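Down below is the structure, laid out as structure tokens.
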Amino acid sequence: MDNTDGGALTAGARAHSNIALAKYWGKRDSALNIPAVGSISVTLDALYTDTTVSFTSDLTQDEFTLNGELQPSGQVSLRRVGDALDRVRKLAGLDRAATVSSVNNFPTGAGLASSASGFAALVVAACAAAGVAASPRELSVLARRGSASAARSIFGGFVELHTGASEDGSDSFAEELLDGAAWPLSVIVAITDESAKPVSSTEGMQSTSASSPFYPAWVADAPSNLDRMREAILARDFATVGELTEHSCLALHSLMFTTRPALIYWNAATVAAIHAVRAVRDGGIPVYFTIDAGPQVKAVCLPQNADTVAEALSAVPGVRAVIRSGLGPAARVLGTATAGTL
Ligand code: DP6
0 MDNTDGGALT AGARAHSNIA LAKYWGKRDS ALNIPAVGSI SVTLDALYTD TTVSFTSDLT
60 QDEFTLNGEL QPSGQVSLRR VGDALDRVRK LAGLDRAATV SSVNNFPTGA GLASSASGFA
120 ALVVAACAAA GVAASPRELS VLARRGSASA ARSIFGGFVE LHTGASEDGS DSFAEELLDG
180 AAWPLSVIVA ITDESAKPVS STEGMQSTSA SSPFYPAWVA DAPSNLDRMR EAILARDFAT
240 VGELTEHSCL ALHSLMFTTR PALIYWNAAT VAAIHAVRAV RDGGIPVYFT IDAGPQVKAV
300 CLPQNADTVA EALSAVPGVR AVIRSGLGPA ARVLGTATAG TL
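Heads up: the sequence shown runs through residues 0 to 341, numbered per numbering that gives the first Met the number 0.
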């Protein structure tokens, strides 16, 4: 990476959330945040985080404001943001604290991948502000250190995150598999509960790898599932992508259920929404569900069926709102400002 002499110390960036069709859960290195299995996701245009980073000599420690609320010192989110900033400061040879302001246009920490869009936007904004000319791959590695799913939000469309083999994690990066415009899909998100999840993904997966008897099988099974998912996406084979997506989701939640203590992110409306998706599919419309570490159900369908799927999910008791999304673009810098304008 180059440390360019741009002089810009403030930058804003937008990164979109993503949902994994082939999921990741568990790390092969916790300290470096390297996922134990590869994953494949789609980036979502409707869900995003806007983040501004200002490196300033006026502060002695980093400040992080999330959705307008200053995060108190000692807060995990502030520590994770500070660690991400440290990695960028090191690359830039910069010794200044930063103010970071992040706004999600969707519920935070509720299984809608706010850490994915959040850390992707953070590293893109921080590198731009600090004058670090990082390639998308390098940005992806930096984002992965913050949250593994964030590595995928650096890219748009269909994205694969590799677990890699190197000890330092330099080959654990994401890359675009297929441009979203090459195969437009719709994702309908059924929100069943907007509150933040009780157990974070990071804690949950630590506990799964330590206690679920299914965890070794999950890791062993992952490469072949990933190969099949990649091939199905490249072949635009929607039925196979959908079948693999549901299988990956249910395998993930089987891991969660068999973790001690059990991780049950679902509520009654989550289950009702799964059945609603299956009922629509039984009616002849290809649509498949997936669920992350939270109670929301995401239905993946073809754009011409998005209205029908959204209507069916809206009618499910306990579904509070429905968000419709297409596939989204890569993370990008929104603007930079020079020191003189700070
Ligand atoms: C269920 O990327 O949020 O969404 O790396 O510890 O921050 P950390 O975890 P995170 O976990 C995502 C888990 C998942 C599956 C996925 O997105 O692949």
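All residues carry an ideal CB built from backbone N, CA and C; glycine is no exception. Remember, it's a predicted structure, so these values are computed and weren't measured experimentally.
Checklist entry - Comparing the CB of A330 with every heavy atom of the ligand DP6, is any distance shorter than 6 Å? => result No, the Cβ of A330 stays beyond 6 Å of every heavy atom of the ligand DP6.
Item to check | Three-state class that DSSP yields for T335 in the structure shown | outcome: strand
Checklist entry - If you draw a straight line from the C-alpha of S324 to the C-alpha of R229, how long is it? => result Rounded to the nearest whole angstrom, the C-alpha separation of S324 and R229 is 22 Å.
Checklist entry - Taking buried to mean at least 16 other C-beta atoms within 10 Å of its own C-beta, is R143 buried or exposed? => result buried
Next on the checklist: Which of the three DSSP states is assigned to F118 in this structure?
Outcome noted: helix
Checklist entry - Taking the alpha-carbon positions, what's the E159 to E137 distance? => result 15 Å
Checklist entry - What are the boundary residues of the beta strand (DSSP E) that includes S53? => result 38 to 55
Checklist entry - beta strand (DSSP E) containing L141: first to last residue? => result Counting along the chain, L141 falls outside any beta strand (DSSP E), though it belongs to the alpha helix (DSSP H) covering 135 to 145.
Item to check | Euclidean distance between Cα positions of M0 and V131 | outcome: In this prediction, M0 scores a pLDDT of 43, lower than 50, which makes its location untrustworthy; no coordinate-derived value is stated.
Next on the checklist: Quick check on this structure: which residue in W182, A209, A189 has the alpha carbon closest to the alpha carbon of A231?
Outcome noted: W182
Next on the checklist: For the segment 242 to 258 against the segment 200 to 218, do three or more pairs of beta-carbon atoms, one drawn from each stretch, fall closer than 8 Å, so that the two count as touching?
Outcome noted: yes
Next on the checklist: Assuming K26 is part of the beta strand (DSSP E), what are its boundary residues?
Outcome noted: Start and end: 26 to 28.
Item to check | For G317 and T201, believed in contact at Cβ under 8 Å, the rounded distance | outcome: With 8 Å as the limit, T201 and G317 do not qualify as a contact, their Cβ atoms being about 28 Å apart.
Next on the checklist: Cutting at 6 Å between CB atoms, please list the residues of its own chain near G179, excluding the five before and the five after it.
Outcome noted: G155, G156, L326
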